[in-house]
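Notes to accompany the following structure.
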Amino acid sequence: MEHPSRRRFLYGSALAIGVGVSGCVGGDDDGNDTEEDGGADATDGGMEDGEDGDGANMTDGDEETDGGGETDDGDETDGGNETTDGDDETDGDGETGGAPSIEDYPVVEEWLTETELGGADDSWDGTLADETGTDTVTVAVGADGNGGSFAYGPSAVAISVGTTVEWDWTGEGNPHNVEALPAEQLGESDFEFSSGEATGGSGVQYTRAFEETGVALYHCEPHFSLGMKGAIVVVE
Numbered sequence: 005m006e007h008p009s010r011r012r013f014l015y016g017s018a019l020a021i022g023v024g025v026s027g028c029v030g031g032d033d034d035g036n037d038t039e040e041d042g043g044a045d046a047t048d049g050g051m052e053d054g055e056d057g058d059g060a061n062m063t064d065g066d067e068e069t070d071g072g073g074e075t076d077d078g079d080e081t082d083g084g085n086e087t088t089d090g091d092d093e094t095d096g097d098g099e100t101g102g103a104p105s106i107e108d109y110p111v112v113e114e115w116l117t118e119t120e121l122g123g124a125d126d127s128w129d130g131t132l133a134d135e136t137g138t139d140t141v142t143v144a145v146g147a148d149g150n151g152g153s154f155a156y157g158p159s160a161v162a163i164s165v166g167t168t169v170e171w172d173w174t175g176e177g178n179p180h181n182v183e184a185l186p187a188e189q190l191g192e193s194d195f196e197f198s199s200g201e202a203t204g205g206s207g208v209q210y211t212r213a214f215e216e217t218g219v220a221l222y223h224c225e226p227h228f229s230l231g232m233k234g235a236i237v238v239v240e
């Protein structure tokens, strides 16, 4: 039979050991909580890294690369096309170097349409026949117009320096001649010449080479009042 005091001692020791074990177990749990929290924090830290990863998605800021795409759309290059269109202005320059226009020679229109000096030429169509670059140009004398065969054909023509003009009598409406007398042509003719007295017949009866730029206004003396007039514009 055990002694009562020994039994109490053993029971107290057991209680102390139990309490100690419980304390250890509780401490481990707290430690685990700390590690889990730390893990969670690490996870959160990873999430933040992930968000940085999302920030990498701001490498969807490859939309900045898209911005580069806008450069591709370099539809500023289209702007370059507008510059090419600007080359259409070069075409405009081409027009400047093209066929002479009647608008550039108002004296020709005045001469062929005025009625104070002779009649108006009703055979004129309002244009300059373009014969620039042609070595020899033929003008009919006695072409249809002004109430009979009383016109030059063409009435107005543009030629180049060095071109020879032949006046070819048609044999109709005779007699005719070719007269360029500045005093009788508004004082505006740059050339003075004459085929001589009016004559009949047919074929080329007068020829002249034009070696300088200018405007020649001329008429047929017998049919001046009917509007038998002509004009030649000489250009480079």
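The sequence shown begins at 5 in our numbering and counts up by one. Glycine included, C-beta positions come from ideal geometry on N, C-alpha and C. Predicted model only: the values in this text are computed from it and were never measured.
- By the neighbour-count definition (other C-beta atoms within 10 Å, threshold 16), Asp125 is a buried residue.
- For the set Thr167, Thr138, Val165, Val182, the Cα lying nearest the Cα of Ser159 is the one of Val182.
- Sequence-distant Cβ neighbours of Gly231 in its own chain, meaning closer than 7 Å and more than five residues away, are Gly122, Gly123, Ala124, Asp125, Asp126, Asn150.
- With respect to Leu221, Trp115 sits close: the two C-beta atoms are nearer than 7 Å.
- Put simply, of Val145, Trp173, Glu192, Pro226 the residue whose alpha carbon is nearest the alpha carbon of Val237 is Glu192.
- Checking the DSSP bridge columns, you'll see Val141 partnered with Val169.
- Around the beta carbon of Glu135, 16 or more other beta carbons lie within 10 angstroms, which makes this residue buried.
- Note on geometry: alpha-carbon atoms of Glu240 and Arg212 lie some 17 Å from one another.
- With a threshold of 16 other beta carbon atoms within 10 Å, Ala235 meets it and is buried.
- Excluding the 5 residues flanking it on each side, Glu176 has same chain C-beta neighbours closer than 6 Å at Gly146, Ser153, in chain order.
- Secondary structure of Ser229 (DSSP, three-state): helix.
- Going by DSSP, Thr211 is part of the beta strand (DSSP E) stretching over 207-213.
- By the neighbour-count definition (other C-beta atoms within 10 Å, threshold 16), Thr217 is an exposed residue.
- For Thr203 and Ala155, the gap between their C-alpha atoms comes out near 15 Å.
- Of all alpha-carbon atoms in Tyr210, Val208, Ser206, Asp148, the one lying nearest the alpha-carbon of His227 is that of Asp148.
- Secondary structure at Asp125: coil, using DSSP grouped into helix, strand and coil.
- By the neighbour-count criterion, in which 16 or more other beta carbons inside 10 Å mark a residue as buried, Glu225 falls on the buried side.
- As computed with DSSP, Ile163 is found in a beta bridge with Val238.
- Under the DSSP assignment, Val219 falls in the beta strand (DSSP E) whose first and last residues are 218-223.
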